[in-house]
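>
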Amino acid sequence: MVKYLLAKLGVTITLNTVSPEELVAAEVRPVSEDIPEELVTHVIDLLQSSYGMYGHRIVGKLAAIDLAVAMDSPDFQKYRPILQEGGDIIASYKPSHDKNIPT
Numbered sequence: 002m003v004k005y006l007l008a009k010l011g012v013t014i015t016l017n018t019v020s021p022e023e024l025v026a027a028e029v030r031p032v033s034e035d036i037p038e039e040l041v042t043h044v045i046d047l048l049q050s051s052y053g054m055y056g057h058r059i060v061g062k063l064a065a066i067d068l069a070v071a072m073d074s075p076d077f078q079k080y081r082p083i084l085q086e087g088g089d090i091i092a093s094y095k096p097s098h099d100k101n102i103p104t
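Residues are numbered in the numbering used here as their position in the sequence shown, beginning at 1, plus a constant of 1.
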């Protein structure tokens with residue numbers, strides 16, 4: 002599992018995966034009931050307008066390495082993303098030059 006906390010928003014983004022490249026749907030959840038649903042929707046929209054490892058737009062499912070790249074973007078850095086789980090999964094990513102790179 003890979004899990005980030007957006008500290009300034011009180012929202013987590015979780016990927017249920019054990020691979021840095023497996024495509025899965027992100028779960029975006031508030032950390033408490035007093036977090037407005039609009040913030041969760043904002044994070045989902047922001048994630049859907051972000052770019053992944055090879056410069057492709059994130060649409061629907063994404064890989065752990067794509068989430069890590071998105072969390073390093075200026076759009077997410079302003080919300081202070083904190084990697085809570087899955088650093089080992091992200092660190093295990095081994096780029097391959099013979100992959101089909103999305104355009």
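Note that CB positions come from ideal geometry on N, CA and C, so glycine has one too.
Which partner residues of Thr42 appear in the DSSP bridge assignment?
Numbered from 1 along the sequence shown, position 41 holds the residue referred to as residue 42. Partner(s): none; Thr42 has no beta bridge.
> In the DSSP assignment, the beta strand (DSSP E) including Val3 goes from what residue to what residue?
By 1-based counting over the sequence shown, the position of residue 3 is 2. Where Val3 is concerned, the enclosing beta strand (DSSP E) stretches over Val3 to Leu7.
> Among Met2, Val3 and Ile14, which residue has its Cα nearest to the Cα of Tyr80?
Position 79 of the sequence shown, counting from 1, holds the residue named residue 80. For Tyr80, the nearest C-alpha among the options comes from Ile14.
> Which residues does DSSP list as the beta-bridge partners of Leu48?
Your numbering for residue 48 matches position 47 in the sequence shown. According to DSSP, which records beta bridges pairwise, Leu48 is partnered with nothing at all.
> Thinking just about the alpha-carbon of each residue, which of Ala71, Tyr55 and Asp89 is nearest to the one in Ala27?
Translated into the one-based positions of the sequence shown, residue 27 becomes position 26. Cα-wise, what sits closest to Ala27 is Ala71.
> For the pair the segment 57-65 and the segment 35-44, tell me if three or more CB-CB distances fall below 8 Å.
No, the segment 57-65 is not in contact with the segment 35-44.
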